[in-house]
Amino acid sequence: MLMNQSPLAPMVRKLEQWATLTDVEREALLALPYVLQSLAPNEAIIKEGDRATHSCLLRSGFAYRQKLVRTGARQILAVHMAGDMVDLQNSLLRIADHGVLALTAAEVAFIPREAVLDVAFKHRTIGEALWFDTLVDGSLFRERIVGIGRRDGATRIAHLLCEFGLRLEVAGLGSHHEYELPMTQEELGDCLGLTPVHVNRMLRILSDEALIERKQRAVRIVDWAGLVRRGDFDGSYLHMRSECARLWNPVS
2 MLMNQSPLAP MVRKLEQWAT LTDVEREALL ALPYVLQSLA PNEAIIKEGD
52 RATHSCLLRS GFAYRQKLVR TGARQILAVH MAGDMVDLQN SLLRIADHGV
102 LALTAAEVAF IPREAVLDVA FKHRTIGEAL WFDTLVDGSL FRERIVGIGR
152 RDGATRIAHL LCEFGLRLEV AGLGSHHEYE LPMTQEELGD CLGLTPVHVN
202 RMLRILSDEA LIERKQRAVR IVDWAGLVRR GDFDGSYLHM RSECARLWNP
252 VS
């Protein structure tokens, strides 16, 4: 099967951000067994406490990782977009220590964990690319912790808007200057440790500072360089290609 015709092609394109794959390695990835499933918003991809049987490729839409506390309040740990392997770490951990849910309508390819482990151990470069992918997830988590712990509300939101736009552009899913943000103000608050009211107020501040324009969930970044500075944004934690540095250091 040609790569562009395969449901697993987004996974191959994502892993090629981290490593140079041979034709044999691409074919090995495309030959992985999978089951496609369409999910509605807030439908679980994997539930906290589940025994992991599959790794999950997000083929379309958006998803988010969450942890719930005893009161039922949630913390959104990360937002994922098409091409991401949203449950790769559970191929080794076996028991899910957090939940992954569809943020929007989404299509997911469920790949048996044994097949993922087999291809990773048979092909060193694939194994390194999968490992790199999980390490970048960890880098995103660290950046979110720093933001919630040490940045004010407006800076947290500006930082997230920069990160989201940059990731969309590199994934070929949109432009860093203008995109649809697939999150409600409540979801933004659960991601950034803010109340929905605080989120709304901080978004207005960024608009008043002529950094962004909003219409419902559509975001247009009017002053990218200004938003980068306002958000204390240095995208090196995303570990993207070196030429992407111009997007978080636009005045250099």
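If you count the sequence shown from 1, you need to add 1 to reach our numbering.
All residues carry an ideal CB built from backbone N, CA and C; glycine is no exception.
On a predicted model such as this, the values are computed, not experimentally measured, just so you know.
First through last residue of the alpha helix (DSSP H) which encompasses residue i
i, result
"Pro183", "Pro183 -> no alpha helix (DSSP H), and no H or E assigned at all."
"Ala83", "It is not in any alpha helix (DSSP H) - Ala83 carries neither H nor E in the DSSP assignment."
"Gly128", "Arg125 to Arg151"
"Lys216", "First-last for Lys216: Ile213 to Lys216, but that is the beta strand (DSSP E), not the alpha helix (DSSP H)."
"Ala246", "Ala246 to Trp249"
"Pro42", "Element bounds for Pro42: n/a, residue is neither H nor E."
"Glu17", "Taken as a continuous stretch (DSSP letters only), Glu17 belongs to no alpha helix (DSSP H), as it is neither H nor E."
"Glu28", "Asp24 to Leu31"
Contact set for residue i: own chain, Cβ-Cβ below 7 Å, skip 5 residues either direction
i, result
"Pro197", "Gln186, Glu187 and Gly190"
"Ala121", "Ile127, Gly128 and Leu131"
"Pro8", "Tyr35, Leu37, Arg60 and Ala110"
Element boundaries [beta strand (DSSP E), containing residue i]
i, result
"His55", "His55 to Ser61"
"Gly232", "Segment: none, Gly232 is in no beta strand (DSSP E) and carries neither H nor E."
Cβ-Cβ distance between residue i and residue j below 8 Å
i, j, result
"Leu136", "Leu16", "no"
"Tyr180", "Leu169", "yes"
"Leu204", "Arg215", "yes"
"Pro11", "Arg60", "yes"
"Arg66", "Ala83", "no"
"Arg231", "Leu212", "yes"
"Leu31", "Val13", "yes"
"Thr126", "Leu22", "yes"
"Glu26", "Ala103", "no"
"Thr105", "Pro183", "yes"
"Ala155", "Ile206", "yes"
Assigned exposure category for residue i - 16 Cβ within 10 Å defines buried
i, result
"Pro34", "exposed"
"Phe142", "exposed"
"Phe234", "buried"
"Asp119", "exposed"
"Asp85", "buried"
"Leu93", "exposed"
Beta-carbon separation (whole angstroms), residue i vs residue j, contact threshold 8 Å
i, j, result
"Ala53", "Ile96", "7 Å"
"Ala110", "Phe63", "The Cβ separation is near 15 Å, so there is no contact."
"Ser56", "Asp88", "5 Å"
"Trp225", "His178", "6 Å"
"Ile222", "Leu162", "7 Å"
"Val101", "Ile47", "5 Å"
"Trp19", "Asp138", "So it is not a contact: roughly 12 Å between Cβ atoms."
Cβ-based neighbour list, residue i, same chain, cut-off 8 Å, excluding 5 preceding and 5 following
i, result
"Pro176", "Looking at the sequence itself, residue 176 is Ser, so the reference to Pro does not match. For Ser176, where only same-chain residues beyond five positions count, the Cβ hits under 8 Å are Gly166, Leu169 and Glu170."
"Ala29", "Val120, Lys123, His124 and Ile127"
"Asp51", "Ile96 and Ala97"
Test: residue i CB closer than 8 Å to a CB of chain C
i, result
"Asp235", "No chain C appears in this structure, which consists of one protein chain only."
Beta-carbon proximity list for residue i, same chain, < 6 Å, skipping 5 on both sides
i, result
"Ser253", "The predicted model places Ser253 with a pLDDT of 44, which falls under 50 and marks its position as unreliable, so this point remains unresolved."
"Arg157", "Gly148 and Leu193"
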